[in-house]
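K.L.:
Residue numbers (this note's numbering), protein chains in the order written: chain D, 1 to 267; chain Y, 268 to 534.
2 protein chains.
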Amino acid sequence: MADPTHPQVYLLSDGTGITAETLARTLLTQFDDLIPRWHLKPFVRSLEQMEALFEQMRTGPQPALVVATFAAAELRTMLQRCPVPVLDIFSDHLEQLEGVFERTAHSVSGRAHGIGDVARYDRRIEALNFTLAHDDGLATGDIGRAEVVLMGVSRSGKTPTCLYLAMNYGMFAANYPLIPEDMTGDTRLPDSLRGLRGRLLGLVISPERLAQIREGRRPGSRYASLAQCRSECTAIDEFLYRERIPRLEVTHLSVEEIATRVRGELG
Amino acid sequence: MADPTHPQVYLLSDGTGITAETLARTLLTQFDDLIPRWHLKPFVRSLEQMEALFEQMRTGPQPALVVATFAAAELRTMLQRCPVPVLDIFSDHLEQLEGVFERTAHSVSGRAHGIGDVARYDRRIEALNFTLAHDDGLATGDIGRAEVVLMGVSRSGKTPTCLYLAMNYGMFAANYPLIPEDMTGDTRLPDSLRGLRGRLLGLVISPERLAQIREGRRPGSRYASLAQCRSECTAIDEFLYRERIPRLEVTHLSVEEIATRVRGELG
Numbered sequence: 001m002a003d004p005t006h007p008q009v010y011l012l013s014d015g016t017g018i019t020a021e022t023l024a025r026t027l028l029t030q031f032d033d034l035i036p037r038w039h040l041k042p043f044v045r046s047l048e049q050m051e052a053l054f055e056q057m058r059t060g061p062q063p064a065l066v067v068a069t070f071a072a073a074e075l076r077t078m079l080q081r082c083p084v085p086v087l088d089i090f091s092d093h094l095e096q097l098e099g100v101f102e103r104t105a106h107s108v109s110g111r112a113h114g115i116g117d118v119a120r121y122d123r124r125i126e127a128l129n130f131t132l133a134h135d136d137g138l139a140t141g142d143i144g145r146a147e148v149v150l151m152g153v154s155r156s157g158k159t160p161t162c163l164y165l166a167m168n169y170g171m172f173a174a175n176y177p178l179i180p181e182d183m184t185g186d187t188r189l190p191d192s193l194r195g196l197r198g199r200l201l202g203l204v205i206s207p208e209r210l211a212q213i214r215e216g217r218r219p220g221s222r223y224a225s226l227a228q229c230r231s232e233c234t235a236i237d238e239f240l241y242r243e244r245i246p247r248l249e250v251t252h253l254s255v256e257e258i259a260t261r262v263r264g265e266l267g
Numbered sequence: 268m269a270d271p272t273h274p275q276v277y278l279l280s281d282g283t284g285i286t287a288e289t290l291a292r293t294l295l296t297q298f299d300d301l302i303p304r305w306h307l308k309p310f311v312r313s314l315e316q317m318e319a320l321f322e323q324m325r326t327g328p329q330p331a332l333v334v335a336t337f338a339a340a341e342l343r344t345m346l347q348r349c350p351v352p353v354l355d356i357f358s359d360h361l362e363q364l365e366g367v368f369e370r371t372a373h374s375v376s377g378r379a380h381g382i383g384d385v386a387r388y389d390r391r392i393e394a395l396n397f398t399l400a401h402d403d404g405l406a407t408g409d410i411g412r413a414e415v416v417l418m419g420v421s422r423s424g425k426t427p428t429c430l431y432l433a434m435n436y437g438m439f440a441a442n443y444p445l446i447p448e449d450m451t452g453d454t455r456l457p458d459s460l461r462g463l464r465g466r467l468l469g470l471v472i473s474p475e476r477l478a479q480i481r482e483g484r485r486p487g488s489r490y491a492s493l494a495q496c497r498s499e500c501t502a503i504d505e506f507l508y509r510e511r512i513p514r515l516e517v518t519h520l521s522v523e524e525i526a527t528r529v530r531g532e533l534g
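#1: List, in order along the chain, the chain D residues whose C-beta lies closer than 8 Å to that of Arg473(Y)?
#2: Just the C-alpha distance for Arg197(D) and Pro83(D), rounded to the nearest angstrom, thanks.
#3: List in chain order: all unbroken beta strand (DSSP E) runs of 3+ residues lying wholly within the region 147 to 172 of chain D.
#4: Using DSSP with H/G/I as helix, E/B as strand and the rest coil, what is Leu11(D)?
#5: Please list the residues of the region 342 to 373 of chain Y that have a C-beta atom closer than 8 Å to any C-beta atom in chain D, keeping them in chain order.
#6: So Val375(Y) contacts chain D; which residues on that side make the cut at Cβ distance below 8 Å?
#7: Which residue's Cα is closest to the Cα of Phe90(D): Arg247(D), Phe31(D), Arg209(D), Ala72(D)?
#8: In terms of alpha-carbon separation, which member of Ser192(D), Gln80(D), Ala227(D), Val262(D) lies closest to Pro207(D)?
#9: Specify the secondary structure class of Pro177(D) as computed by DSSP and reduced to three states.
#10: Just to confirm, are Ala174(D) and Val149(D) a CB contact at a threshold of 8 Å?
#11: Closest by CA to Gly366(Y), which one among Arg111(D), Pro85(D), Thr104(D), Glu102(D)?
#12: Give the single residue among Pro330(Y), Glu505(Y), Ser521(Y), Ile446(Y) whose Cα lies nearest to the Cα of Leu301(Y).
#13: Candidates Gly419(Y), Cys429(Y), Pro457(Y), Glu523(Y): which alpha carbon is nearest Cys500(Y)'s?
#14: Whose C-alpha, out of Arg343(Y), Leu399(Y), Leu294(Y), Ile410(Y), is nearest the C-alpha of Ser318(Y)?
#15: Since Gln275(Y) and Pro328(Y) should fall inside the 8 Å C-beta cutoff, what is the C-beta to C-beta distance between them, to a whole number of angstroms?
#16: Going straight from the alpha carbon of Ala235(D) to that of Ile18(D), what length do you get?
#17: Cβ atoms of Arg247(D) and Leu240(D): under 8 Å apart, would you say?
#18: Rounded to whole angstroms, what is the Cα-Cα separation between Asp299(Y) and Asp281(Y)?
#19: Since Leu515(Y) sits in a beta bridge, which residues does DSSP pair it with?
#20: Are Met167(D) and Arg124(D) touching if we call contact CB-CB under 8 Å?
#21: With 16 as the cutoff for other CB atoms within 10 Å, does Pro427(Y) come out buried or exposed?
#22: Which stretch, first to last residue, makes up the alpha helix (DSSP H) that contains Thr69(D)?
#23: Rounded to whole angstroms, what is the Cα-Cα separation between Thr187(D) and Leu201(D)?
#24: Could you tell me which chain D residues have their CB closer than 7 Å to the CB of Glu523(Y), listed as they occur along the chain?
#25: With a cut-off of 8 Å, does the C-beta of Met50(D) fall near any C-beta of chain Y?
#26: Comparing the C-beta of Leu11(D) with each C-beta of chain Y, is any distance below 8 Å?
#27: Classify Pro309(Y): buried if its beta carbon has 16 or more other beta carbons within 10 angstroms, exposed otherwise.
#28: Quick one: Cα of Val529(Y) to Cα of Arg194(D), how far?
#29: Please identify the residue among Gln316(Y), Thr371(Y), Pro457(Y), Glu369(Y) whose C-alpha is closest to the C-alpha of Leu346(Y).
#30: Checking contacts by CB at 8 Å: is Gly383(Y) closer than that to chain D?
#31: Under a three-way DSSP split, which group does Arg304(Y) fall into?
#32: Report the rounded CA-to-CA distance for Glu55(D) versus Pro4(D), giving the unit in angstroms.
#33: What does a CB cutoff of less than 8 Å around Gly437(Y) pick up in its chain, not counting 5 residues either side in sequence?
#34: Shorter than 8 Å from the beta carbon of Gly170(D) to some beta carbon of chain Y?
#35: Could one say the Cβ of Gly419(Y) lies closer than 8 Å to chain D's Cβ atoms, at least one of them?
#36: Once DSSP output is grouped into helix, strand and coil, what is the label at Leu193(D)?
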């Protein structure tokens, strides 16, 4: 049974498989007309589990592909008997790195997305708590701990970006909403944020895109109307100029792209 | 100038570089005594930017390594002139995939972490909004849309896991806190959750680990005391057994590992 437009993609790992999945999805974005069937197989740590998976691949639909990130050497060895083509990430690259670094790699499972480095992990969770507490300007008490404060109109992407930065990079990210009613021609930066210059960043979005996003949330509302979005975007534009806060144009950017640019802005 | 324990790792991409960073960090977890200096260089889209980076690598500290994910073919070609060793992910693997899939890869930048597939992207943002609205049992109105409801004591990892599932997989994930005062011997499942069997999952954590986490949040408090943690863990254990809700042991797991197991539980 061959179904070339729906390849079976097996993501095999002795850890979470998150790296294998990230890499496989990235590579497959380069093939337009493929709709892969994903098979996530995390925490594979025995030769028996591996055998069972091989059997499934052998008897399942074709074409099939394995993307594997096994730290354990004996599991990598076993991949040589896999009945379908394999991208074996660790085997392909670790040896090259051993050469560059002039030292030997370990073969320890579950390091990449486990608790691993406890200090780094705890910081990520702490950052996430901070970000949740400082969502939409909720708390201002310890806002001074913020490494970045995103400002922008409602639905410009502040909250998802802050959560992404906290979760993935342990960044203390707060956001501060700019409410249109508050934005008169002489609105100044709140005192609590005045000491944070260099960490403030305005997210700027086109009124058309904003209206589209809001329409998805509250169809037919005044909040989603193009006139309302235009007026809010103009008000925040003037505010950011007046306060000399750097602006980031986010109209066509995903959360990941905004987060990457924020990290870049902060050096 | 050679500093073998602090290799310079350049992450180069014409997109966000998130895939390059994920892969590089995963591979480098296998080398214990390395403390890499990371240089994230996203959105590299011109030969001039590339030249400037090569110059920086040539004159900077050694050893150095490039991990690159360039979709654009002309940037990949230019990598051949890179003055330091390169892991060129797309070149190494795309050709192999072309063979498996019997079709040609495109060379389109920024697909992996851009908005790309709009429906998939919008769903992720919608899921994140749902999860924020249903954090700590806040809303119950449309809880029926939840694909998973995590239950557990305060600080068992419910909120970070739900956010991770929503952000990365577009999963509608809600959480429902179990308050110790509410947990008498005949506490039953709330009516709003009764129709969601098969989507309920209890996070189970050891009292010792729980006390340690809470101590970090509220040092010396009754909330963080081992006695209090023991009593809450026992109460939720009995509740989950009584209601026949599946349990996931999370004491030694990271958020990514919990999320991966939750996805596995739900098939």
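We put the CB at the ideal spot given by N, CA and C, even for glycine.
P.N.:
Considering the structure as presented:
#1: What sits at residue 473(Y) in the sequence shown is Ser, not Arg. Here the premise fails: no neighbours, minimum Cβ distance about 14 Å.
#2: The alpha-carbon separation between Arg197(D) and Pro83(D) amounts to approximately 58 Å.
#3: Listed in chain order, the complete beta strand (DSSP E) runs (minimum 3 residues) inside the region 147 to 172 of chain D are 148 to 152.
#4: The DSSP-derived three-state label of Leu11(D) is strand.
#5: Going along the region 342 to 373 of chain Y in chain order, one finds Pro352, Leu354, Ile356, Phe357, Asp359, His360, Leu361, Gln363, Leu364, Gly366, Val367, Phe368, Glu369, Arg370, Ala372, His373 with a Cβ nearer than 8 Å to chain D.
#6: In chain order: Thr29, Gln30.
#7: The shortest Cα separation from Phe90(D) among Arg247(D), Phe31(D), Arg209(D), Ala72(D) belongs to Ala72(D).
#8: Looking at the Cα atoms, Ala227(D) is the closest of the given residues.
#9: Looking at Pro177(D) - three-state DSSP - the assignment turns out to be strand.
#10: The Cβ atoms of Ala174(D) and Val149(D) sit closer than 8 Å to each other.
#11: The residue with the shortest Cα to Cα distance from Gly366(Y) is Pro85(D).
#12: The residue with the shortest Cα to Cα distance from Leu301(Y) is Pro330(Y).
#13: Among Gly419(Y), Cys429(Y), Pro457(Y), Glu523(Y), the Cα nearest to that of Cys500(Y) is on Gly419(Y).
#14: Before going on, a small fix: residue 318(Y) reads as Glu here, not Ser. When Arg343(Y), Leu399(Y), Leu294(Y), Ile410(Y) are compared, the shortest CA-CA separation from Glu318(Y) is found for Arg343(Y).
#15: So it is a contact: roughly 6 Å between Cβ atoms.
#16: The straight-line gap separating the alpha-carbon atoms of Ala235(D) and Ile18(D) is approximately 42 Å.
#17: Cβ atoms of Leu240(D) and Arg247(D): closer than 8 Å.
#18: Rounded to the nearest angstrom, the two C-alpha atoms are 30 Å apart.
#19: Leu515(Y) has Leu470(Y) as its beta-bridge partners, per DSSP.
#20: A contact, by the Cβ cut-off of 8 Å.
#21: Burial check for Pro427(Y): the Cβ neighbour count within 10 Å reaches 16 or more, so the residue is buried.
#22: It is not in any alpha helix (DSSP H) - Thr69(D) instead sits in the beta strand (DSSP E) that spans 64 to 69.
#23: The alpha-carbon separation between Thr187(D) and Leu201(D) amounts to approximately 17 Å.
#24: The CB of Glu523(Y) comes closer than 7 Å to the CB of Thr16, Ile18, His113 in chain D, given here in chain order.
#25: Not an interface residue.
#26: Judged by the 8 Å Cβ criterion, Leu11(D) is not in contact with chain Y.
#27: Looking at its Cβ environment, which holds 16 or more other Cβ atoms inside 10 Å, Pro309(Y) is buried.
#28: C-alpha separation (whole angstroms): 43 Å.
#29: Out of Gln316(Y), Thr371(Y), Pro457(Y), Glu369(Y), Gln316(Y) has the C-alpha closest to the C-alpha of Leu346(Y).
#30: Closer than 8 Å: yes.
#31: Residue state, collapsed to three classes: strand.
#32: Answer to the nearest angstrom: the Cα atoms are 20 Å apart.
#33: Around Gly437(Y): Arg387, Arg390, Arg391, Glu393, Ala394.
#34: At a cut-off of 8 Å between C-beta atoms, Gly170(D) does not count as an interface residue with respect to chain Y.
#35: Interface criterion not met: the Cβ of Gly419(Y) is under 8 Å from no Cβ in chain D.
#36: Looking at Leu193(D) - three-state DSSP - the assignment turns out to be helix.
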